[in-house]
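Q: Please read through the structure below; I'll follow up with questions.
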Amino acid sequence: MRVGILTSGGDCPGLNAVIRAAVLTGMVHHGLEFVGIRDGYRGLKEGDVRVLNRSSVRGTSRIGGTILGTSRTNPYEGEGGGAAAISETLERLGIDAVMVIGGEGTLAAANRLADDGLPIVGVPKTIDNDLDATDYTFGFDTAVQIATEAGDRLRTTGDSHMRCMVLEVMGRHVGWIALHTGIATGAHVTLIPEQPRSIEWICEYVQSVYDRRRAPLVVVSEGFRLEGMEEEYSRKGLDAWGRPRLGGIGEVLAPMIEERTGIESRATVLGHIQRGGAPSGADRVLATRFGLAAIDAIVDRAWGSMVSLRGTDIVRVRMAEALGDLKRVPEHRYREAERLFG
Ligand code: F6P
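What follows is the structure, given as structure tokens:
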């Protein structure tokens, strides 16, 4: 059996650990052959592949990004697209199964391909940790670790100047990275998309921290919205990701805080630094376990299934399960963090 592996959508620390585990166990224990499909669905449509073997994956679980490249190409659009054309390409290349590693958009396309009869198994990935069909995704732990280090560093410079430091982290629709970073750094306020807050509410906390002669640290998720600014949001519209077109929220917040409280404020947008680089140990382990379980699913011909973490177990679920509502931060988890604010 010849297995194609592709990574699609935004990259994420841990992708290479999935590929490595799949190739190692697949070759050694199941006699499978592997090809890497370049740049996600682009390579699948164009039949752009390269052979993967033990030496091509050696030492890669500690490397960030993806050795296969990635893209945001939709397999149903453009030349070579659609299930029938892709099925012909797979036949021409002698590929019997495809392991698709990706987030919500990628898995939605993979699920559609599987529904259209293609032999596909899914592996979930996203640093945002917003897929409901799995308790955690690899990449999240690394992102929180990087953001925590950034927050710790901001605290020492903030303390020295008695400034309010605002740290913007990723999280387009959900606040998991911000929530965990806020708790880990001991942020004085954490702001997430699930809980809109007014600028007055934020400034009250910032001021009370400053009055105790502490330098306030505010951690904010990129998808957070300020309450009371709905008119401005609708005037400026949303970007392609559904984020308010106001500029980065961190850079919007810092001057607003400074203007209202008189406390000197600075913004740091962590950006892609939290998505690049080596995966944490925990992410390497989770990604490796996903890779092993995905090979089991392929050997069992469980097309249309996806691997998932439930508690401490890796289980198999239908890919369609990953496509429902996003996993948002529940109220009680935010309240937990809120008990430490101020
Ligand atoms: O979904 C993962 C993510 O990192 C989001 O947190 C972020 O909004 C988005 O991808 C950024 O995408 P891009 O790398 O295409 O700018």
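Numbered per UniProt numbering, the sequence shown spans residues 1 to 342.
Where a beta carbon is used, it is the ideal one built from N, C-alpha and C, also for glycine.
(1) Decide if G78 is buried, meaning its Cβ has at least 16 other Cβ atoms within 10 Å, or exposed.
(2) How close, in whole Å, do the beta carbons of V317 and V174 come, if the pair is a contact with beta carbons under 8 Å?
(3) Grab me the residues of S61's own chain with a C-beta within less than 7 Å of its C-beta, minus the 5 sequence neighbours each way, in chain order.
(4) Spatial neighbours of V209 within its chain, please: CB distance less than 7 Å, with the 5 preceding and 5 following residues excluded, ordered by chain position.
(5) Would you call the region 101-119 in contact with the region 299-307, where contact means no fewer than 3 C-beta pairs closer than 8 Å?
(6) For N111, count the other beta carbons within 10 Å of its own beta carbon; 16 or more makes it buried, fewer makes it exposed. Which is it?
(7) Just curious, the alpha helix (DSSP H) that V23 is in, first and last residue?
(8) Tell me the rounded alpha-carbon separation between S198 and N129.
(9) Considering Cα atoms alone, identify which of G14, G81, V23 is closest to G47.
(10) Rounded to a whole number of angstroms, what is the C-alpha to C-alpha distance between M319 and T157?
(11) Report yes or no: do three or more beta-carbon pairs, one from the region 136-154 and one from the region 320-339, lie closer than 8 Å?
(12) Quick check: the region 161-176 against the region 269-277, are there 3 or more CB pairs under 8 Å?
(13) Is the beta carbon of E258 within less than 8 Å of some heavy atom of the ligand F6P?
(14) Out of curiosity, what's the CA-to-CA distance linking A150 and L32?
(15) By alpha-carbon positions, which one of A108, S87, V100, M165 ends up nearest to P255?
(16) Is it the case that the Cβ atoms of L326 and L131 are separated by a distance below 9 Å?
(17) Using DSSP with H/G/I as helix, E/B as strand and the rest coil, what is M256?
(18) Considering Cα atoms alone, identify which of Q207, K125, D152 is closest to R260.
(19) Are the CB atoms of G103 and T89 within a distance shorter than 9 Å?
(20) Buried or exposed: E194, going by 16 or more other Cβ atoms within 10 Å of its Cβ?
(21) Check whether the Cβ atoms of E338 and T190 sit closer than 9 Å, and answer yes or no.
(22) By DSSP's criteria, V51 is part of a beta bridge. Which residues make up the other side?
(23) For R214, which option in H161, G43, G276 has the closest C-alpha, if you only look at C-alpha atoms?
(24) Please report the straight-line C-alpha distance between I183 and Y76, rounded to a whole angstrom.
(25) What distance in whole Å lies between the Cβ atoms of I177 and A147, which are believed to be in contact at a cut-off of 8 Å?
(26) Could you pull out every residue in the same chain whose Cβ sits closer than 8 Å to the Cβ of I86, ignoring the five residues on either side in sequence?
(27) Would you mind sorting G324 into buried or exposed? The rule is 16 or more other CB atoms within 10 Å of its CB.
(28) Which residue's Cα is closest to the Cα of residue 348: G105, I63, G64, R163?
A: Taking the structure as given:
(1) Around the beta carbon of G78, fewer than 16 other beta carbons sit within 10 angstroms, so the residue counts as exposed.
(2) In fact, because the Cβ distance is near 19 Å, the residues do not count as touching under 8 Å.
(3) N16, A17, R20, R284, T288
(4) Here the set comprises H188, P216, G342.
(5) yes
(6) buried
(7) 15-30
(8) 26 Å
(9) G81
(10) 46 Å
(11) no
(12) yes
(13) Between the ligand F6P and the CB of E258, the shortest heavy atom gap is not smaller than 8 Å.
(14) Cα atoms of A150 and L32: separation of roughly 43 Å, rounded to the nearest angstrom.
(15) M165
(16) yes
(17) helix
(18) With distances taken between Cα atoms, R260 lies closest to Q207.
(19) no
(20) buried
(21) A contact, by the Cβ cut-off of 9 Å.
(22) V35
(23) For the residues H161, G43, G276, the minimum Cα distance to R214 belongs to H161.
(24) 41 Å
(25) 6 Å
(26) L44, K45, P75, G80, L113, L118
(27) exposed
(28) In this structure the chain extends from 1 to 342, so residue 348 is not present and cannot be described.
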